[in-house]
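Everything on this sheet refers to the single structure shown next.
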Amino acid sequence: MQTEIIKITADNSKEVLSKASKVIRAGGLVVFPTETVYGLGADVFNEEALGKIFSAKGRPGDNPLIVHIGGQGQLKLLTDFVSPIQQKIIDNFWPGPLTIIFPKKNTISNIVSGGRQSIAIRMPSLPLSRALIEESGVPIAAPSANISGRPSSTTGGDAYADLLGRVNMIIDAGQSNIGVESTVIRVTDESVSILRPGAVTKEMLEKVVYPLPVIFAKDKDNPQVSAASPGTRYKHYAPRSRMILESSDKMAEHALSLQQEGKIVGIISTNQKKDSFKEYAPNLFVLGDRNNLEEISQSLFMALRFFDTHPVDVIICESFPEQGLGAAIMDRLRRASEG
Ligand code: TXA
Ligand code: MG
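For any residue, its number in the working numbering is found by taking its place in the sequence shown, counting from 1, and adding 38.
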């Protein structure tokens with residue numbers, strides 16, 4: 039398949055959106071930017087197109103997709119039931135990096151939901167994403183635009199590296215603002231469970247749903263959760279080298295001992311620590327200011343992909359406190375460093 043790659047500019051955005059929406063309507067695949075990461079999109083009502091998403095990514099068929107809407111009016115195309123607490127969450131966080139699980143309408147293909155009766159929906163805040171959905175006239179089903187198991191794409195170039203020849207079009211709008219995927223939640227009358235942490239944090243949700251508790255659903259200690267959020271079961275975000283997470287004060291010692299064993303060591307660190315790792319350059323990636331978690335999350339997947347072109351035996355990566363956005367950062371880093 040020929041992949042058309044278009045860099046979006048102030049001058050060409052109308053033209054690009056019109057072209058991309060034609061591809062969506064014709065059952066094709068379009069990689070498009072969102073505020074979190076790039077998505078690999080297709081018409082939610084076109085089963086053949088939905089099937090193509092799974093083959094393009096090499097994604098297991100039981101791992102369901104997120105459906106992106108351009109406005110609240112499109113919700114009723116996908117679900118018949120929005121609870122008052124869900125509505126309150128929507129009013130506070132949409133458009134934005136938050137995905138909510140709803141009961142799925144029967145008219146929506148089981149391919150979207152990996153066979154389950156629920157459907158994951160989000161309204162992205164990036165105006166370009168919503169403009170594409172509006173122009174296409176249909177909600178767009180879109181997982182992250184990466185080969186299954188690899189770090190999500192946060193630049194057009196990442197999507198290009200993974201999906202060239204597998205999609206019809208890539209819209210390149212530069213670097214994603216947030217850099218980690220949306221928060222995924224399940225809401226009941228008793229609690230809000232975070233199935234995947236993201237930029238809408240536990241603390242932010244708590245302020246809105248109080249006195250309802252907000253809990254992290256830990257897939258490892260709870261088999262019901264991995265059933266509820268199948269995506270968390272699979273290998274994820276894997277850099278091409280083995281990665282070890284280490285606290286900032288123990289990193290230097292750990293790296294040195296691996297180096298003394300004869301290993302080529304790569305380092306992922308922060309502004310505060312980078313001077314102590316100078317001698318590891320060029321196998322050194324600096325995420326940004328350790329105290330600015332927005333900056334860290336924005337460059338996180340870039341750091342993992344950096345080692346695609348800087349092959350090392352082992353990567354030592356600095357760890358972060360798990361408050362706020364730190365929960366999402368550590369979730370991704372843990373998965374990236376698992377087996
Ligand atoms: O920020 C994002 O969410 C990006 C952009 C493109 O919007 N999308 C994204 O999609 O990260 P994906 O497919 O890589 O991750 C979707 C996650 C998976 O963990 C999946 O298991 C979960 O959402 N999910 C989807 N439908 C679900 C459902 N019905 N029930 C539970 N979890 C679901
Ligand atoms: Mg993904």
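Don't be surprised by glycine CBs; every beta carbon is placed ideally from N, CA and C. Please read all numbers here as calculations on a predicted model, not as lab measurements.
The nearest non-hydrogen atom of ligand 2 is less than 7 Å from the C-beta of Ser182. Sorting Thr74, Ser231, Ser51 by C-alpha distance to the C-alpha of Ser337 places Thr74 at the top. In this model, Arg168 and Met161 are separated by some 8 Å (Cα to Cα).
Met281 sits in a strand when the DSSP states are folded into three classes.
Inter-segment contact for the stretch 180-194 and the stretch 92-105 is present: three or more beta-carbon pairs are separated by less than 8 Å. Judged by DSSP in its simplified three-state form, Glu172 adopts helix. Per DSSP, reduced to three states, the secondary structure at Ala48 is coil, with no helix or strand assignment. Rounded to whole angstroms, the Cβ separation of Gly300 and Asn321 is 15 Å, and the two are not in contact under 8 Å. Spanning the alpha carbons of Gly99 and Asn148 requires a straight line of approximately 10 Å. Per DSSP, Met368 is one residue of the alpha helix (DSSP H) stretching across 364-375. In the three-state reduction of the DSSP assignment, Val205 falls in the coil class, being assigned neither a helical nor a strand state. Ser190 has its Cβ nearer than 7 Å to a heavy atom of ligand 2.
Around the CB of Asn206, 16 or more other CB atoms lie within 10 Å, so the residue is classed as buried. When C-alpha distances from Asp351 are compared across Glu332, Gly362, Ser357, Gln298, the shortest belongs to Gln298.
In the displayed model, Phe140 falls within a strand according to three-state DSSP. Excluding residues up to 5 positions away in sequence, Thr239, Glu241, Leu331 lie with their Cβ nearer than 7 Å to the Cβ of Gly362 in the same chain.
In terms of Cβ geometry, Leu283 and Ser357 form a close pair [threshold 8 Å]. Between ligand 2 and Glu219, a heavy atom-to-CB distance of less than 7 Å is present.
Restricted to the stretch 208-263, the alpha helix (DSSP H) segments that are unbroken, complete and at least 4 residues in length are 240-247, listed in chain order.
When C-alpha distances from Ala180 are compared across Pro133, Ile123, Gly89, the shortest belongs to Gly89. Annotation for Glu85: the continuous alpha helix (DSSP H) segment containing it runs 85-95. A straight-line Cα-Cα distance of about 26 Å links Gly134 and Asp49. For Gly134, the three-state secondary structure derived from DSSP is coil. Taking 8 Å as the cut-off, the Cβ atoms of Thr117 and Phe83 do not count as close.
The DSSP-derived three-state label of Gly77 is strand. Here Phe131 has Val238 as same chain residues with Cβ atoms under 7 Å from its own Cβ, once five neighbours each way along the sequence are excluded.
Burial state of Phe323 is buried, judged by a 10 Å Cβ sphere holding 16 or more other Cβ atoms. Around the beta carbon of Pro165, a 10 Å sphere encloses fewer than 16 other beta carbons of the protein chains shown; the residue is thus reported as exposed.
Straight through space, the alpha carbons of Gly236 and Glu360 are spaced by roughly 12 Å. Each residue's CA atom was taken as its position, placing Ile128 and His292 some 45 Å apart. Counting only the Cα atoms, Arg204 lies some 21 Å from His106.
Annotation: Ala211 to Leu342 spans about 20 Å, alpha carbon to alpha carbon. In the DSSP annotation of this structure, Glu356 is not part of any alpha helix (DSSP H); the continuous beta strand (DSSP E) holding it starts and ends at 352-356. Secondary structure at Gly194: helix, using DSSP grouped into helix, strand and coil.
If you look at Phe344, you'll find it in the alpha helix (DSSP H) that goes 331-344. Note that the C-beta distance between Ala374 and Tyr275 is below 8 Å.
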